[in-house]
């Protein structure tokens, strides 16, 4: 079966930075599943997958504009430490979820002063050219429910293993869909 819109695609991948260092990999884990055309993964990788078939192996280079965007100095802020009231220890590298103009965003603490905390709202891979080695391991039609919900319900994806939608409200789920490199830290577009 060929990858086209509304197909559930299962891939194994290794993501490297331009120096060749591995950022993330599905090796030793279930393949990543996503629905083609639903924006579940970064645009540059999703467009490269269109038209591929089970068994295809490909190398894809995604520039920052088609990945996590360029780094923006506007997303770095110096905040008063009082905004972190109730948090005993604040350390460099610590991450928090904040609400941005487009919904929830992850911010990373980059500096801690006596009265201020500097945070960076850029994705950790913003500004990085991404190098993917991908193998297509399965392609199937998405179910009507998967298309309605915008994500897969099978194993190997964010919703495998016990994910449940409330029977009274098909959109009652509120949880993070991140799951490793091609999830929260990797291929989802944010």
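In the working numbering, the protein residues as written are 40 to 229. Note that beta-carbon positions come from the ideal geometry of N, C-alpha and C, so glycine has one too. Since this is a predicted model, take the numbers as computed values, not measurements.
Closest by CA to residue 175, which one among 55, 92, 85, 87? Of 55, 92, 85, 87, the residue nearest in Cα terms is 92.
Grab me the residues of residue 105's own chain with a C-beta within less than 7 Å of its C-beta, minus the 5 sequence neighbours each way, in chain order. Non-local C-beta neighbours of residue 105 in its own chain, meaning closer than 7 Å and more than five positions away in sequence, comprise 81, 82, 83, ordered along the chain.
Hey, how far is the Cα of residue 88 from the Cα of residue 130? Approximately 39 Å, taken between the alpha carbons.
Per-residue DSSP class, three states only, for residue 56: The answer is coil: DSSP assigns residue 56 none of H, G, I, E or B.
Suppose you measure from the CA of residue 49 to the CA of residue 79; what does that come to, to the nearest Å? Rounded to whole angstroms, the separation of the alpha carbons of residue 79 and residue 49 is 12 Å.
Could you give the first and the last residue of the continuous alpha helix (DSSP H) run that contains residue 82? Segment 82-88, the alpha helix (DSSP H) holding residue 82.
Taking Cβ positions only, does residue 158 come closer than 9 Å to chain C? Any reference to chain C falls outside this structure, which holds one protein chain only.
Same chain, Cβ closer than 6 Å to residue 100, five either side skipped, listed in chain order: Apart from sequence neighbours up to five positions away, the residues of its chain that approach residue 100 with a beta-carbon distance below 6 Å are 170, ordered along the chain.
Name the DSSP bridge partner or partners of residue 169? Beta bridge pairing from DSSP links residue 169 with 101.
In the DSSP assignment, find the unbroken alpha helix (DSSP H) run with residue 184 in it and report its ends. Here the alpha helix (DSSP H) through residue 184 covers 183-188.
Taking only the alpha-carbon atoms, compute the straight-line gap between residue 187 and residue 95 and give it to the nearest angstrom. Counting only the Cα atoms, residue 95 lies some 28 Å from residue 187.
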